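So the structure is just underneath, and the comments pick up after that.
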Amino acid sequence: MTGLAISAHGLGKRYRLGRLESGLHRARRRFAREGGPGHMWALRDLTFDVPTGASLAVVGSNGAGKSTLLKILARITEPTTGYVDVAGRVAALVEVGTGFNPELTGRENVYLNGTLLGMTRREIDQRLDEIVAFAGIDEHLDKPVKWYSSGMYVRLGFAVAAHLEPDILIVDEVLSVGDLAFQQKCLGRMGEVSGGGRTVLFVSHNLAAVSALCPTAMYLREGEICAQGPTREIIDRYIDDVKATAHVDVREREDRTGDGRIRFTKIRVGDGASVKTGDDCEVSLLYEGSPGPARVRVSFAVYGALVEPVFQCLNETSGDAITEVATDGAFVCAIPRLPLAPGHYTISVYCEIDGKVADWVEHAAVLEVVEGDFYGTGRLPSDAHGSFYVDQRWTSQPAAVAPIRLGRSGL
């Protein structure tokens, strides 16, 4: 393993479906069949090497096996087949609260994690102030972490993982729990770790961050390595696959999660395949099934050209409770003056009934937005300036005049 931080050979991970029923009902049905009755393969036959000092991104859709792979590399779970050699100390942030004892304080958990990484108390003492400052939890350092919010967990967990000088730093999508400013701090720190000759493995749906941080990437699809190479090439292939998947009839999609109490059959936006910028439109999520009286959370998310989330609509957010679900009906969301710039987008759909996932299909449909007179002036901004149009009013006033105040009664 000279010159290699990680060397994996034939890695596979099989789960019993009974242990995953909370979130993976009927997910990846092909894997379930191949894995035998009641089983599914989350990973299958992964062989790859990561050189010491490299920064490798792992990309792929939800359920592709990314988190399972990182848990194996972090020694949180064991592979079912194959083996992996890891050279050096590993610090991993793959789940909120990973490696923390909830009964211990933040300070005590810092020392616990440092000890597990093989550091002496003196070495941890030397880094404690820097860790606390980075995490921004000074007032809560001596409180049990079981009282921490998910954001505080992530801030402290990342600060510990990134400052206790691991040879290999593994970071999963949990950074999305933090605020934007903290995410930028984390990306900067990961760049410093990589620049210092240590190895970084990074999983994120933020492809812009992936491109900036990692020169190479590995693309997982349905638990297997689909491609590995320069990040830009891998991202392009991933995006092409997402677009192709979104064109498949949602009724035929087997890569879905949920217990099947309802099943999405069609996503319709407006009256046809496209909608104009600035038009009032309805997004209709047609489904089959009849759960009867129930507490329903239903949403859809729109993704842009880099598979980045653009916005989400959720019935709970708008205060529109749904407690009665018709047989073979539709959930309909009205959007006034669609603010999306012209372009092609994808839509993911999700439904939860009485706290359990009923159906969840990522990139279930394509949304085409065409030019419309959003501002009523016949003019549109350049498409180089973002995906959203913002309603606006401009005036020119003397410096002494108070600024325009915007609120619910304003624009």
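Mapping of the sequence shown onto numbering that gives the first Met the number 0: residues 0 to 410, in sequence order. Heads up, the beta-carbon is just placed ideally off N, CA and C, and yes, glycines get one too. As the structure is a computational prediction, the values presented were derived from the model and not from experiment.
CA-CA distance, R262 and Y286?
-> 5 angstroms
Would a C-beta distance cut-off of 9 angstroms place G117 and R88 closer than the cut-off?
-> yes
Would you tell me roughly how many angstroms separate the C-alpha atoms of R188 and A161, rounded to the nearest one?
-> 7 angstroms
Do A90 and N112 have their C-beta atoms within less than 9 angstroms of each other?
-> yes
Looking at C-alpha atoms only, which residue of Q183, R126, Y147, R220 is the closest neighbour of G59?
-> R220
For A207, count neighbouring Cβ atoms within 10 angstroms of its own Cβ and tell me buried if that reaches 16, exposed if not.
-> By the neighbour-count criterion, in which 16 or more other beta carbons inside 10 Å mark a residue as buried, A207 falls on the exposed side.
Taking 9 angstroms as the cut-off, decide whether the C-beta atoms of S289 and T326 are in contact.
-> Taking 9 angstroms as the Cβ cut-off, S289 and T326 qualify as a contacting pair.
The beta strand (DSSP E) enclosing F99, as first and last residue numbers = Note, F99: premise wrong, no beta strand (DSSP E); not H, not E.
Please state if the CB of F299 and the CB of V348 are separated by a distance shorter than 9 angstroms.
-> yes
Mind checking which residues open and close the beta strand (DSSP E) that includes M217?
-> Boundaries of the beta strand (DSSP E) around M217: 215 to 220.
Per DSSP, D84 is paired with what?
-> S6
Can you give me the Cβ contacts of L42 inside the same chain, cut-off strictly under 7 angstroms, excluding the 5 residues immediately before and after it?
-> L10, G11, K12, G64, T67, L68, G222
Within 10 angstroms of its Cβ, does D319 collect 16 or more other Cβ (buried), or is it exposed?
-> Exposed: under 16 other Cβ atoms inside 10 Å.
Note the first and the last residue of the continuous alpha helix (DSSP H) segment covering Y152.
-> 149 to 162
So which of E253, G277, A398, P341 has the shortest CA-CA distance to Y374?
-> G277
Inter-residue Cα distance where the pair is V144 and A158 = 14 angstroms
Where does R262 fall in DSSP's three states?
-> strand
Look at the Cβ atom of V365, then the Cβ atom of K242, and state whether they are nearer than 9 angstroms.
-> Yes, Cβ-Cβ distance for V365 and K242 is below 9 angstroms.
Local Cβ density within 10 Å of P78, reported as buried at 16 or more and exposed below that = buried
Does the beta carbon of L206 come closer than 9 angstroms to any beta carbon on chain B?
-> Absent here is chain B; the protein component of the structure consists of one chain.
What residue from G328, D137, K142 has the CA that sits closest to P101's CA?
-> Of the candidates G328, D137, K142, the one whose C-alpha sits nearest the C-alpha of P101 is K142.
In terms of residue numbering, what span does the alpha helix (DSSP H) encompassing Y237 cover?
-> Start and end: 230 to 245.
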